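Here's the structure we're looking at; comments come further down.
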Amino acid sequence: MTITVAGTKKEVKEGLTVAQLIIDEDVETPMYVTVSINDEFVDSGAFETTLLKDGDSVEFLYFMGGGC
Amino acid sequence: MIKLSKEDFEKILNHAIKELPDEACGLIAGEKNGDDKIIKKVYLLTNIDHSNEHFSLDPKEQLAAVKDMRANGIVPLGNWHSHPESPSRPSEEDKRLAYDKTASYMILSLMNREEPVLNSFKISGDTAEKEELVIE
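Chains as they are written, first to last, in our numbering: chain A, 7 to 74; chain B, 216 to 351.
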């Protein structure tokens, strides 16, 4: 199936989870990553169980914050 | 070196003043040319902490900004935030949450409202190094 990751189309196997995609994409600092699928944010507790579907568009966002 | 236009500096400054007493924050994007960065666009995002001691970017606005960058052919260069009552230097929390050592972290101090100070830093672990910032 074909999904779009950060604007780039990719062929991936059926049954791919968000957690596996994070590994496959070699996402840096995964503890700080937020994932959206088709503009909907995925709870980090559901990364292991959320299956990607053909045509999904995935974005990885990194938490940005700080103090003073 | 990182270059910021006077117009974009004013944009950041005006937003940071408007958000007082809270910290203000956003993203910077543009072009990379070797070690040099040219900021082409600054993004003013909501500080969802609504605090004068902390900031967190609104993820929905962050997502929209990333898409806008892609649509405009520019790349993320880092982020900016204000320090309403403290100097323009990374706090311990700023360092702890700076995960990308290639990014530029810009900090605008409004400690002296008459003389705001903007600096840009690269942060790696506990070490923050000021980078040359050109505003013109």
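Beta carbons: idealized from backbone N, C-alpha and C, even for Gly. If you're wondering where the values come from, they're calculated on a predicted model, not measured in any experiment.
Residues sharing a beta bridge with residue i, DSSP
{"i": "B:P291", "result": "B:A244"}
{"i": "A:G21", "result": "Per DSSP, none; premise fails for A:G21."}
Residue span of the beta strand (DSSP E) that contains residue i, given as start and end
{"i": "A:F47", "result": "E46 to V48"}
{"i": "B:K218", "result": "I217 to L219"}
{"i": "A:K16", "result": "T14 to E17"}
{"i": "B:V349", "result": "L348 to I350"}
{"i": "A:L67", "result": "S63 to Y68"}
{"i": "A:I43", "result": "V39 to I43"}
{"i": "A:V24", "result": "First-last for A:V24: V24 to D30, but that is the alpha helix (DSSP H), not the beta strand (DSSP E)."}
{"i": "A:V11", "result": "T8 to V11"}
Residue i (DSSP reduced to helix, strand or coil)
{"i": "B:K255", "result": "strand"}
{"i": "B:L260", "result": "strand"}
{"i": "B:K345", "result": "strand"}
{"i": "B:F270", "result": "strand"}
{"i": "A:L58", "result": "coil"}
{"i": "A:G72", "result": "strand"}
{"i": "B:P236", "result": "coil"}
{"i": "B:G380", "result": "Nothing can be reported for residue 380 of chain B, as the shown portion of chain B is limited to 216 through 351."}
{"i": "A:G51", "result": "helix"}
{"i": "B:H230", "result": "helix"}
{"i": "A:E34", "result": "coil"}
Residue from the options whose Cα sits closest to the Cα of residue i
{"i": "B:T342", "options": "B:G249, B:K218, B:R311 and B:N327", "result": "B:R311"}
{"i": "B:R304", "options": "B:D264, B:K247, B:E268 and B:Y320", "result": "B:Y320"}
{"i": "A:V33", "options": "A:C74, A:A52 and A:Y68", "result": "A:Y68"}
{"i": "B:E301", "options": "B:R328, B:A280, B:G340 and B:S271", "result": "One point to set straight first is that residue 301 of chain B is Ser, not Glu, in the sequence displayed. It is B:R328."}
{"i": "B:W295", "options": "B:E307, B:F270, B:K316 and B:I289", "result": "B:F270"}
{"i": "B:K247", "options": "B:I263, B:L292, B:K226 and B:E330", "result": "B:L292"}
{"i": "B:P299", "options": "B:E222, B:I217, B:D223 and B:L228", "result": "B:L228"}
{"i": "B:V281", "options": "A:E65, A:G71 and A:E31", "result": "A:E65"}
{"i": "B:I354", "options": "B:S266, B:D283, B:E330 and B:I263", "result": "No answer is possible for residue 354 of chain B: it lies beyond the span of chain B, which begins at 216 and ends at 351."}
{"i": "B:L259", "options": "B:E351, B:V332 and B:H230", "result": "B:H230"}
{"i": "B:K275", "options": "A:E54, A:G71 and A:S42", "result": "A:S42"}
{"i": "B:D264", "options": "B:K255, B:S324, B:G288 and B:E234", "result": "B:E234"}
{"i": "B:S297", "options": "B:A279, B:P331 and B:D273", "result": "B:P331"}
Residue range of the alpha helix (DSSP H) that includes residue i
{"i": "B:E276", "result": "P274 to A286"}
Proximal residues of chain E, C-beta to C-beta of residue i below 8 Å
{"i": "A:D45", "result": "You won't find chain E in this structure, because its protein chains are A and B."}
Check your understanding: Hey, which unbroken runs of the alpha helix (DSSP H) at 4 residues or more fall wholly within the segment 289–338 of chain B?
Key -> Segments of the alpha helix (DSSP H) lying fully in the segment 289–338 of chain B: 307–311.
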